[in-house]
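Participant: Residues in the sequence shown are numbered consecutively from 1, following full-length UniProt numbering.
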Amino acid sequence: MKELLISIFTISSIVSFWQFLRGRVRLSPLWLMLSVWFLAVAISQLRLSTLELVWTGKFWYLIVISLASFVLGVLVFDKVWAKYPWWIKAKFLIREHFSEQKLRWLIYFLFGVSLGALFLFYQKAENFPLLAPDPDAFRFVADEQVPGLINYCAQLARIFIPLSFFLFFYQGFSFRKHWDMVAICLIGIWFLILFASRTQIFFIDLWVMTLYLLMRKPNWRQALKFYPFFLLVSIIVLAAVPLIRQYRSYGPDYLGSITGIDTSHYNKLQKALVPIYVGVSFNQQALLHAWQYYETHPIQQGRVSLDPFTNILGLDQFKSDYDLGAIFYSWWNTGTYLFPFVQDFGEVAFYIIPFLIGGILTLVWKYWQTHPNFLSINLYAYAMFFMVMTVYLSFTVRAEMYLDLALLFVSNLFIIHES
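1) In whole angstroms, what separates the C-alpha of residue 412 from that of residue 154?
2) Measuring only the C-alpha atoms, how far is residue 379 from residue 407?
3) Check for me: the alpha helix (DSSP H) holding residue 168 runs from which residue to which?
4) Have a look at residue 43 and residue 222 and give me their C-alpha separation to the nearest angstrom.
5) Can you tell me whether residue 49 is helix, strand or coil according to DSSP?
6) Quickly, what does DSSP pair residue 98 with across the bridge? List them, please.
7) Please determine, among 325, 309, 345 and 369, the residue with the shortest C-alpha to C-alpha distance to residue 400.
8) Mapping the DSSP letters down to three states, classify residue 150 as helix, strand or coil.
9) Whose C-beta lies closer than 8 Å to the C-beta of residue 170 among residues of the same chain, with five residues either side of it excluded?
10) Can you give me the C-alpha to C-alpha distance between residue 219 and residue 46, rounded to a whole angstrom?
11) Alpha carbon to alpha carbon, how far is residue 192 from residue 373?
12) Below 7 Å CB to CB, which residues in the same chain sit around residue 175 once its five sequence neighbours on both sides are set aside?
13) CB-CB under 6 Å to residue 234, same chain, minus the five flanking residues each way: which ones, in chain order?
14) Mind checking whether residue 354 and residue 13 have CB atoms under 9 Å apart?
15) Who are the near neighbours of residue 5 in its chain, counting only those whose CB is closer than 6 Å to its CB and skipping five residues on each side?
16) Measuring only the C-alpha atoms, how far is residue 74 from residue 361?
17) Determine the DSSP secondary structure at residue 299, reduced to helix, strand or coil.
18) Counting along the chain, where does the alpha helix (DSSP H) carrying residue 58 start and finish?
19) Report, in whole angstroms, the separation of the C-beta atoms of residue 402 and residue 207, which I expect to be a contact under 8 Å.
20) Residue 264: buried (16+ other C-beta within 10 angstroms of its C-beta) or exposed?
21) My guess is that residue 64 and residue 30 are in contact by the Cβ rule of under 8 Å, so how many angstroms apart are they, rounded?
22) For residue 396, report the span of its alpha helix (DSSP H) as first-last.
23) Residue 106 to residue 114, Cα distance in whole Å?
24) Give me the Cβ distance between residue 304 and residue 343, rounded to the nearest whole Å; I'm assuming they're in contact under 8 Å.
25) Suppose contacts are defined by Cβ-Cβ distances below 9 Å. Is residue 49 in contact with residue 197 by that definition?
26) Three or more beta-carbon pairs under 8 Å between the stretch 269-276 and the stretch 156-165, yes or no?
27) Cα-Cα, which of 167, 129 and 91 is closest to residue 108?
28) From 199, 147 and 160, pick the residue whose C-alpha is nearest to that of residue 180; which is it?
29) Applying the 10 Å Cβ sphere with the 16-neighbour rule, what's the burial state of residue 60?
30) Measuring straight from C-alpha to C-alpha, what distance separates residue 348 and residue 297?
31) Sorted by chain position, which residues of the same chain lie with C-beta nearer than 8 Å to residue 388's C-beta, five sequence neighbours on each side aside?
32) Looking only at its chain, what residues have a beta carbon closer than 7 Å to the beta carbon of residue 386, apart from the 5 residues adjacent to it on each side?
33) By DSSP's criteria, residue 261 is part of a beta bridge. Which residues make up the other side?
34) Cα-Cα, which of 211, 77, 285 and 117 is closest to residue 337?
35) Please report how far the alpha carbon of residue 144 lies from the alpha carbon of residue 209, in whole angstroms.
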């Protein structure tokens, strides 16, 4: 039965991704979301860990309901946004002309700010996570010692690297013309690696690949020249960064032992892929645990979803209050995009939240379709990153998502002009 489920969902994922690339509704959020979730469900059915609970019939039902809700949200809002394209009334949203020189200055500025923030980070924390004797422990200590804004600005490479590639694709890449951008990107990647977070670098890879798809509209021959390199970088980063971090913090084979996965008979490649498996399957487990926990415990009534804003504004009295260790394993504190909403609203989150998320993503898609400019292309590239990461973490409760989006809007106002 397990093998049959894995086969069905894997094939469904491949078919959905083909529809995303070549189907009638090309590049629709509908197909990408389904492809990602079908693959995540297939991976989760491998059940390599002794800690993983078998999915109950009710949980299967809720997963299916959440996907059906997303599909319905896309279909409904596709018609709504087609009938009421309200964004065309805001001139700054539909302008297609922008200053390439101003964009270059903006990248220089963000690079300079990140340098300054890195210096302040080092002054306050006295090291970087990847270089610390215990990177995992140091990340949490640094979060306490370094103010959030400095932390965010120190990792601005997440923004200026994709913007540099936007410039590459827009102008037509030439090393002589863009050597400075290449240097900034390489330095920025090293900056991010120092923070020992694989998701930050994967975010860049995915954003860049999406920009290429949206701007260049490559044929298969062009795509085969470009995508394998970035996919290889992504896979290496997703596997290598946590392995290095865990090896320095806990020694060899830590992840296998703590998750109950017997890696003794695995080859080197299989061991390298264990962190990716754990990232996907255990986040599905986190969702299962959260749903079961809040079946019998009081829900947070929206406070978890508001945490990014209460944290930024310092409104401690409105922060959520929950024991994550009681919900799941104390060493695992991420979840799917539904995880915080289940904490906030319980089972109803499976019915309502995907519908609303589908509407928002369809709005961004429609905006890009009708007015493919700097802002719409980058917003939809960001949206594709969000869709892929929905199986990995609850990005909606991370303040940096809202700061990223605000920065994109401000950047657009700075570089656009009427003609």
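Note that the Cβ used here is the ideal one computed from N, Cα and C, for glycine as well.
Facilitator: Taking the coordinates as given:
1) To locate residue 412, count along the sequence shown from 1; it is residue 412. To locate residue 154, count along the sequence shown from 1; it is residue 154. Each residue's alpha carbon lies about 22 Å from the other.
2) Along the sequence shown, read from residue 1 onward, the residue named residue 379 stands at position 379. Along the sequence shown, read from residue 1 onward, the residue named residue 407 stands at position 407. For residue 379 and residue 407, the distance between alpha carbons rounds to 11 Å.
3) Residue numbering aside, residue 168 sits at position 168 when the sequence shown is read from its first letter. Note, residue 168: alpha helix (DSSP H), 157-171.
4) As a working note, residue 43 is residue 43 in the sequence shown. As a working note, residue 222 is residue 222 in the sequence shown. Straight-line Cα distance between these residues: approximately 30 Å.
5) Residue numbering aside, residue 49 sits at position 49 when the sequence shown is read from its first letter. Strand.
6) Taking the sequence shown and counting its residues from 1, the one referred to as residue 98 is at position 98. Paired residues: 416.
7) Along the sequence shown, read from residue 1 onward, the residue named residue 400 stands at position 400. If we check each option's Cα against that of residue 400, 309 comes out closest.
8) As a first step, residue 150 must be located in the sequence shown, where it is residue number 150. The answer is helix: DSSP assigns residue 150 an H, G or I state.
9) Position 170 of the sequence shown holds residue 170. Cβ neighbours of residue 170 beyond the five flanking positions: 100 and 215.
10) The sequence position of residue 219 within the sequence shown is 219, counting from 1. The sequence position of residue 46 within the sequence shown is 46, counting from 1. Using only the alpha carbons, I get a separation of about 35 Å.
11) What you label residue 192 is simply residue 192 of the sequence shown in a count that begins at 1. What you label residue 373 is simply residue 373 of the sequence shown in a count that begins at 1. C-alpha separation (whole angstroms): 28 Å.
12) By 1-based counting over the sequence shown, the position of residue 175 is 175. For residue 175, where only same-chain residues beyond five positions count, the Cβ hits under 7 Å are 182.
13) Mapped onto the sequence shown, residue 234 falls at position 234. Answer for residue 234: 202 and 205, listed in chain order.
14) Here the question's residue 354 lines up with position 354 in the sequence shown. Here the question's residue 13 lines up with position 13 in the sequence shown. In this structure, residue 13 does not lie closer than 9 Å to residue 354 by Cβ.
15) Residue 5 sits at position 5 when you count from the first residue of the sequence shown. Cβ within range, chain order: 45.
16) Position 74 of the sequence shown, counted from the first residue, corresponds to residue 74. Position 361 of the sequence shown, counted from the first residue, corresponds to residue 361. Their Cα atoms are separated by approximately 8 Å.
17) Here residue 299 corresponds to residue number 299 of the sequence shown, with the count starting at 1. Of the three classes helix, strand and coil, the one that applies to residue 299 here is coil, per DSSP.
18) Numbered from its first residue, the sequence shown carries residue 58 at position 58. Start and end: 57-83.
19) The residue you call residue 402 lines up with position 402 of the sequence shown. The residue you call residue 207 lines up with position 207 of the sequence shown. 17 Å between Cβ atoms; not a contact.
20) Counted from its first residue, the sequence shown places residue 264 at position 264. Classification for residue 264: exposed.
21) Residue 64 sits at position 64 when you count from the first residue of the sequence shown. Residue 30 sits at position 30 when you count from the first residue of the sequence shown. Not a contact, Cβ separation roughly 16 Å.
22) Start at 1 with the first residue of the sequence shown, and residue 396 comes out as number 396. Note, residue 396: premise wrong, no alpha helix (DSSP H); not H, not E.
23) Position 106 of the sequence shown holds residue 106. Position 114 of the sequence shown holds residue 114. So the alpha carbons of these two residues sit roughly 12 Å apart.
24) Your numbering for residue 304 matches position 304 in the sequence shown. Your numbering for residue 343 matches position 343 in the sequence shown. Contact flag correct, Cβ pair sits at about 5 Å.
25) Here residue 49 refers to the residue found at position 49 of the sequence shown. Here residue 197 refers to the residue found at position 197 of the sequence shown. Against a cut-off of 9 Å, the Cβ pair of residue 197 and residue 49 comes out as no contact.
26) no
27) Position 108 of the sequence shown, counted from the start, is the residue given in the question as residue 108. Comparing Cα positions, the closest option is 167.
28) Residue mapping note: residue 180 aligns to position 180 of the sequence shown, counting from 1. Answer by Cα proximity: 160.
29) Here residue 60 corresponds to residue number 60 of the sequence shown, with the count starting at 1. It counts as exposed.
30) Locating residue 348 in the sequence shown gives position 348, where the first residue counts as 1. Locating residue 297 in the sequence shown gives position 297, where the first residue counts as 1. Using only the alpha carbons, I get a separation of about 15 Å.
31) To locate residue 388, count along the sequence shown from 1; it is residue 388. For residue 388, where only same-chain residues beyond five positions count, the Cβ hits under 8 Å are 32, 36 and 206.
32) Counting from one through the sequence shown, the residue named residue 386 turns up at place 386. Hits under 7 Å: 395.
33) As a first step, residue 261 is located in the sequence shown; it is residue number 261 there, counting from the start. Residue 261 is bridged to 49.
34) As a working mapping, residue 337 is identified with position 337 in the sequence shown. Cα-wise, what sits closest to residue 337 is 285.
35) Translated into positions along the sequence shown, residue 144 becomes position 144. Translated into positions along the sequence shown, residue 209 becomes position 209. If you take the alpha carbons of residue 144 and residue 209, they lie about 34 Å apart.
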